[in-house]
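J.:
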Amino acid sequence: MPIAAFSDSPRRSATLNKNKEMIMIPVKRFVAVGVAAATIATYSLLQPCTAKAGDEGTVLGDLAVSQIAATPARAGETTVITFSVENAGSDRVLITGLRVPGEEPGRIVGFLGQGHSGEIGSLPVRPGATETLDGRKIWIEVGPLTRDLEPDTTVNARLVLGTYETPLPLHIGPIATGSTNKASNVGVAKTADQSTTESHSRAGC
Numbered sequence: 101m102p103i104a105a106f107s108d109s110p111r112r113s114a115t116l117n118k119n120k121e122m123i124m125i126p127v128k129r130f131v132a133v134g135v136a137a138a139t140i141a142t143y144s145l146l147q148p149c150t151a152k153a154g155d156e157g158t159v160l161g162d163l164a165v166s167q168i169a170a171t172p173a174r175a176g177e178t179t180v181i182t183f184s185v186e187n188a189g190s191d192r193v194l195i196t197g198l199r200v201p202g203e204e205p206g207r208i209v210g211f212l213g214q215g216h217s218g219e220i221g222s223l224p225v226r227p228g229a230t231e232t233l234d235g236r237k238i239w240i241e242v243g244p245l246t247r248d249l250e251p252d253t254t255v256n257a258r259l260v261l262g263t264y265e266t267p268l269p270l271h272i273g274p275i276a277t278g279s280t281n282k283a284s285n286v287g288v289a290k291t292a293d294q295s296t297t298e299s300h301s302r303a304g305c
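Per this note's numbering, residue 101 is the first one in the sequence shown, and the count goes up by one each step.
(1) Which same chain residues, not among the five before or five after N187, have their C-beta less than 7 angstroms away from its C-beta?
(2) Within 10 Å of its beta-carbon, does K152 have 16 or more other beta-carbons around it, so buried, or fewer, so exposed?
(3) From the DSSP output, which residues share a beta bridge with I195?
(4) Can S190 and T232 be called in contact, C-beta distance under 8 angstroms?
(5) Exposed or buried, E241, counting other C-beta atoms within 10 Å across all chains shown (16 or more means buried)?
(6) Quick one: using the 10 Å Cβ neighbour count with 16 as the cut-off for buried, is L249 buried or exposed?
(7) Which residue wins for smallest C-alpha separation from K237, given the options I181, E177, A257 and P172?
(8) Please work out which residues of its chain come closer than 7 angstroms, Cβ to Cβ, to A175, disregarding the five sequence neighbours upstream and downstream, and give them in chain order.
(9) Residue range of the beta strand (DSSP E) that P269 falls in?
(10) Go to A188, then tell me how far its beta strand (DSSP E) extends in each direction, as first and last residue.
(11) Under three-state DSSP, which class holds A229?
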């Protein structure tokens, strides 16, 4: 009896080893799949978000301009342009306007209170500061337009900084249904509200 048990021992050992190998194969596959999934997830997190309407931004020397957008408008109407600008330099920057090809120079407009708005001439951006032309307090108007500005198109505008001009890609809508012949504070505020809502819905890509 002890001899039989001794002779069966190698067989049992071989069977156990085989069973272990059969168990380890799916475990190894599971681990490999898990590692691959983790790698893909990490890679996806590190990728930049796909550009969406109104997300366009550009760097102009020490200036970082983001959230660039303009309301669609027909010929004869006025478009409202909004964006945010950050000055990472050590000198003050003075924004004096914006030029759209074939159109009159843009006007920097500010809300003056009691339902009134007017041209303010320029917008200084101090070193390390961020200024937002949000369509409520400050914005840029271009018009009356000589042509239509269709939604979901881009115009190669130029940002005017005193005597210096720099290219600025300008995305047209669709953050609003359009502007009016004479931009009013109510219309501008509505545009800003829609822009803010859309911006919040894009958070986190």
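For each residue, glycine too, the CB sits at the ideal point set by N, CA and C.
Quick caveat, the model's predicted, so the values are computed rather than measured.
T.: Judging by the given coordinates:
(1) For the purposes of this step, residue 187 is taken as the residue at position 87 of the sequence shown. Once the five neighbours on either side are set aside, the close Cβ partners of N187 are D162, L163, V193, V225, R226, P227, G228 and A229.
(2) Residue mapping note: residue 152 aligns to position 52 of the sequence shown, counting from 1. Unreliable placement is indicated for K152, whose pLDDT of 38 sits below 50; the coordinate value is still reported in the next sentence. So K152 ends up on the exposed side.
(3) Your numbering for residue 195 matches position 95 in the sequence shown. Answer is L223, bridged to I195.
(4) For the purposes of this step, residue 190 is taken as residue 90 along the sequence shown, with counting starting at 1. For the purposes of this step, residue 232 is taken as residue 132 along the sequence shown, with counting starting at 1. In this structure, T232 does not lie closer than 8 angstroms to S190 by Cβ.
(5) As a first step, residue 241 is located in the sequence shown; it is residue number 141 there, counting from the start. So E241 ends up on the buried side.
(6) One-based indexing of the sequence shown puts residue 249 at position 149. L249 comes out buried.
(7) For the purposes of this step, residue 237 is taken as residue 137 along the sequence shown, with counting starting at 1. The residue with the shortest Cα to Cα distance from K237 is I181.
(8) Position 75 of the sequence shown, counting from 1, holds the residue named residue 175. Taken in chain order, the residues that qualify are L245, T246, R247 and D248.
(9) As a working note, residue 269 is residue 169 in the sequence shown. Where P269 is concerned, the enclosing beta strand (DSSP E) stretches over Y264 to I272.
(10) Mapped onto the sequence shown, residue 188 falls at position 88. That residue, A188, is in no beta strand (DSSP E); it is neither H nor E in DSSP.
(11) Taking the first residue of the sequence shown as position 1, residue 229 is located at position 129. In this structure, A229 counts as coil in the three-state DSSP scheme.
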